[in-house]
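Student:
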Amino acid sequence: MPRLNDQVSELLQEYADLISITGGDAFRARAYEKSARAVGGHPEDLAGLDVKGLQQIPGVGKSTAEKIAEYVSTGKITALDALRAKIPAGVREIMAVPSVGPKRALALYRDLGIASVEELAEAVRAEKLSGVAGFGERSGEKILHGIELMRQSGGRTLLDAATELAEQLVAALSAVPGCTRCAYAGSLRRMRETVGDIDVLATAEDSAPLMAALTELPYVADVIASGSTKTSVRTTRGIQVDLRVVPEEDWGAALVYFTGSKAHNIKLRTRAVRAGLKLSEYGLFEVDGGAKVVSQTEDEVYAALGLPWIPPPLREDRGEIEAALNGELPDLVQESDLRGDLHTHTDLTDGLATLEEMIDTAAARGYSYFAVTDHAPNLVMQRMTDEKILAQRDRLRQLADRHKKLRLLHGTELNIDPDGGVDWPPEFLAGFDVCVASVHSNFTLDRAAQTRRLIRACENPYVHVIGHLTTRRIGSRGPIDVDLDAVFEAAARTGTAIEVNSSPQRLDLRDEDILRAKRHGVRFSIDSDAHATPHLAYPRFGIGTAQRGWLTAEDVVNTWTWQRLKRFLRKDALR
Ligand code: DGT
Ligand code: CA
Ligand code: CA
Ligand code: ZN
Numbered sequence: 080m081p082r083l084n085d086q087v088s089e090l091l092q093e094y095a096d097l098i099s100i101t102g103g104d105a106f107r108a109r110a111y112e113k114s115a116r117a118v119g120g121h122p123e124d125l126a127g128l129d130v131k132g133l134q135q136i137p138g139v140g141k142s143t144a145e146k147i148a149e150y151v152s153t154g155k156i157t158a159l160d161a162l163r164a165k166i167p168a169g170v171r172e173i174m175a176v177p178s179v180g181p182k183r184a185l186a187l188y189r190d191l192g193i194a195s196v197e198e199l200a201e202a203v204r205a206e207k208l209s210g211v212a213g214f215g216e217r218s219g220e221k222i223l224h225g226i227e228l229m230r231q232s233g234g235r236t237l238l239d240a241a242t243e244l245a246e247q248l249v250a251a252l253s254a255v256p257g258c259t260r261c262a263y264a265g266s267l268r269r270m271r272e273t274v275g276d277i278d279v280l281a282t283a284e285d286s287a288p289l290m291a292a293l294t295e296l297p298y299v300a301d302v303i304a305s306g307s308t309k310t311s312v313r314t315t316r317g318i319q320v321d322l323r324v325v326p327e328e329d330w331g332a333a334l335v336y337f338t339g340s341k342a343h344n345i346k347l348r349t350r351a352v353r354a355g356l357k358l359s360e361y362g363l364f365e366v367d368g369g370a371k372v373v374s375q376t377e378d379e380v381y382a383a384l385g386l387p388w389i390p391p392p393l394r395e396d397r398g399e400i401e402a403a404l405n406g407e408l409p410d411l412v413q414e415s416d417l418r419g420d421l422h423t424h425t426d427l428t429d430g431l432a433t434l435e436e437m438i439d440t441a442a443a444r445g446y447s448y449f450a451v452t453d454h455a456p457n458l459v460m461q462r463m464t465d466e467k468i469l470a471q472r473d474r475l476r477q478l479a480d481r482h483k484k485l486r487l488l489h490g491t492e493l494n495i496d497p498d499g500g501v502d503w504p505p506e507f508l509a510g511f512d513v514c515v516a517s518v519h520s521n522f523t524l525d526r527a528a529q530t531r532r533l534i535r536a537c538e539n540p541y542v543h544v545i546g547h548l549t550t551r552r553i554g555s556r557g558p559i560d561v562d563l564d565a566v567f568e569a570a571a572r573t574g575t576a577i578e579v580n581s582s583p584q585r586l587d588l589r590d591e592d593i594l595r596a597k598r599h600g601v602r603f604s605i606d607s608d609a610h611a612t613p614h615l616a617y618p619r620f621g622i623g624t625a626q627r628g629w630l631t632a633e634d635v636v637n638t639w640t641w642q643r644l645k646r647f648l649r650k651d652a653l654r
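Going by this note's numbering, the first residue of the sequence shown is number 80, and it counts up by one from there.
Now the structure itself:
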């Protein structure tokens, strides 16, 4: 997704929040909120559009279009700055605490003078919130939990934003004269779900032009440190970037070193020492005499240590070195292995794009099958009805003629109720090609009840995929309390796939839980959960997470041919 669209979307959302908490017109606030969503999901880069063109985006009116155009040409929105100035920075920070939100943040400020997250935490502990409008008995507990989540994610950046920035950096630095190689390393190359900072590695005889080019990039706000081997900067969005420049001949050793993880590198160094060698970012050397053995490529470094090259997502010291020695490294699933997407939404519920737009985009990705799975009726705010979903099915069947190469599947995302039941009776469910079932409510049930409801969902012969199993949202909502091993056992026994939800805010299941599920023999579905056409590209992040969970294409049902997937969807184990 174009990065600019995301930025504008965030700013419009903030503008809407500020209108509503400063007592502005609720209708205007909602209009900006709507345009924020529209812009965030718009597939075309806003930079190429003038005010007229911007107004063509559904949900974007004249005044929004003017604000966007102002941002594109000047880098700011005057009206937003004016509203920001009315509210202390600490209060704006409180607005971002999960479970507080803008309205209550302002009530806290007005009624109790609370103007920072620290003051809020103190007020909760001193039980001062009970008198304030909008705060119930358990609010305090929830707020402390929200603050905790915010601190845990403390400054880490989600995978999509980090990837986009890193790709921009690599493109910009590669173009600097004298640069012979450039790539990102660190946790981003390992595809961790969040990254602390972005590590970029480059080779050149003279590092000065590269260091200068980094500090002069338009989106660099401060230079934290600058030297001839390493420069660190912070971007306007607060992300730190470390650039290291090494001689061309040391590329491989430096790439191994700065890709990490630290734990993986320690294991490698221990192996080196046992062989009378010393491994550093400059190369692999003989301890006696100090002669350089190798340093040019990663392959050579691993080979000199008696190992095959190990893919970065595996480099976490989770048994990869032992597996490499035994010739048992998994043949990791790749994005190009995916033949389809089994969890997507349209504007019939909370998606932004029409059925046709979603299908056209899926076709352009070269998929051989594609499921549309709009929300089912029990998620009441989505207002789904039997008539609406059946009408969608008719439209989809008609569109099938236009897409001979793409098999269109009609599905739904069911809601798993507290007892493990789902929307609609069996005879209606039987009409769908594929059903995803997800938890969207009752997040606080106790462990036994959560486990029971998810096992029952697996045992439903019409449920093919459990969507975003733990329901966590990175940095804002923790996972539900559930006995994962029991659910994985049920999924394997019943032939129900567990989703790897690829949305960068979710990545659910997470890597470690994927590894655990795989040991139970679970099959997985790597889906986008797209709510707009650009989201159909999310599986790249789910693939990274799946690789960190050691998955092969065989483990992932939507890499299979349609013939094979069709058999899986029959759930023979239950018949
Ligand atoms: P992050 O940024 O917190 O998401 O995680 P990483 O893994 O990118 O860590 P970072 O940026 O501190 O360092 C990048 C890599 O460089 C790291 O994975 C291993 C290597 N590295 C950095 N500092 C050290 C160190 O003091 N000792 C060792 N062994 N390796 C280091
Ligand atoms: Ca890093
Ligand atoms: Ca770093
Ligand atoms: Zn969902």
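Yeah, the Cβ is synthetic: ideal placement off N, Cα and C, and Gly gets one too.
1. Using only the alpha-carbon positions, how far apart do ASP367 and SER253 sit?
2. Please output, in chain order, the residues near ligand 2 using a CB cut-off of less than 6 Å to any non-hydrogen atom of the ligand.
3. Note the first and the last residue of the continuous beta strand (DSSP E) segment covering LYS346.
4. From what residue to what residue does the beta strand (DSSP E) around CYS514 run?
5. I'd like the span of the alpha helix (DSSP H) that includes GLU591, first residue to last.
6. Please report the distance separating the alpha-carbon of GLU377 from that of ALA370.
7. Tell me, please, whether the stretch 530–544 touches the stretch 564–580 by the rule of three or more beta-carbon pairs shorter than 8 Å.
8. Looking at LEU191: is its Cβ nearer than 8 Å to the Cβ of VAL211?
9. Consider the C-beta atom of TYR381 and the heavy atoms of ligand 1; say whether any pair is separated by less than 7 Å.
10. Would ILE147 pass as a contact of VAL87 if the rule is Cβ separation under 8 Å?
11. Looking at C-alpha atoms only, which residue of VAL459, ASP453, LEU421 and ARG486 is the closest neighbour of ALA470?
12. Write down the C-beta distance between VAL335 and ILE277 rounded to the nearest angstrom, noting that I regard them as a contact closer than 8 Å.
13. Could you name the residues that DSSP lists as bridge partners for LYS371?
14. To the nearest angstrom, how far is the alpha carbon of GLY557 from that of ALA354?
15. Which ranges does the alpha helix (DSSP H) cover as unbroken runs of at least 4 residues, wholly within the stretch 263–333, from first to last along the chain?
16. What does DSSP give as the partner residue(s) for VAL635 in the beta ladder?
17. In terms of residue numbering, what span does the beta strand (DSSP E) encompassing ASN580 cover?
18. Which of the three DSSP states is assigned to ARG394 in this structure?
19. Rounded to whole angstroms, how far is the Cβ of SER178 from the Cβ of GLY225, which I believe are closer than 8 Å?
20. Going by the beta-carbon positions, is the gap between ALA442 and HIS489 smaller than 8 Å?
21. Using the beta-carbon count (16 or more within 10 Å), is GLU272 buried or exposed?
22. Considering just the uninterrupted stretch of the beta strand (DSSP E) at ALA450, what are its terminal residues?
23. Taking C-alpha atoms, which residue in PRO504, LEU508, ASP496 and ASP512 lies nearest to ASN521?
24. May I ask you to report which of helix, strand or coil DSSP gives MET80?
25. Whole-angstrom Cβ separation of VAL255 and THR282, contact assumed at under 8 Å?
26. Spell out the partners DSSP gives SER152 in its beta bridges.
27. Which residue comes first and which comes last in the beta strand (DSSP E) that contains ARG535?
28. Check whether the stretch 374–390 touches the stretch 583–597, counting contact only when three or more Cβ pairs, one atom from each stretch, lie closer than 8 Å.
29. Which residues in the same chain have their Cβ closer than 6 Å to the Cβ of PRO540, if we skip the five residues on either side of it in sequence?
30. For ILE345, verify whether its CB is less than 7 Å away from any heavy atom of ligand 1.
31. Could you check the C-alpha separation between ASP285 and GLU327 for me, to the nearest Å?
32. Less than 7 Å separating the Cβ of ASP301 from some heavy atom of ligand 3?
33. Out of ARG627, GLU243, SER305 and ARG585, which has the shortest C-alpha to C-alpha gap to GLN413?
34. Go ahead and pull the three-state DSSP assignment for HIS614.
Tutor: Reading off the structure:
1. 37 Å
2. GLY265, SER266, VAL274, GLY275, ASP276 and ASP278
3. Run containing LYS346: none in the beta strand (DSSP E); it sits in the alpha helix (DSSP H), 341–353.
4. 513–517
5. 590–598
6. 18 Å
7. yes
8. yes
9. no
10. yes
11. ASP453
12. Not quite, the Cβ-Cβ distance comes to about 18 Å (not below 8 Å), so this is no contact.
13. PHE364
14. 45 Å
15. 265–268 and 287–294
16. PHE603
17. 576–580
18. coil
19. 4 Å
20. no
21. buried
22. 448–454
23. ASP496
24. With a pLDDT of 43 at MET80, under the threshold of 50, the predicted position of this residue should be treated as unreliable, though the coordinate-derived value follows. MET80 falls in the coil class under three-state DSSP.
25. Their Cβ separation, rounded to whole angstroms, is 11 Å, which puts VAL255 and THR282 out of contact at 8 Å.
26. None; SER152 has no bridge partner.
27. ARG535 -> not in any beta strand (DSSP E); alpha helix (DSSP H) instead, spanning 526–538.
28. no
29. LYS650 and LEU653
30. yes
31. 11 Å
32. no
33. ARG627
34. helix
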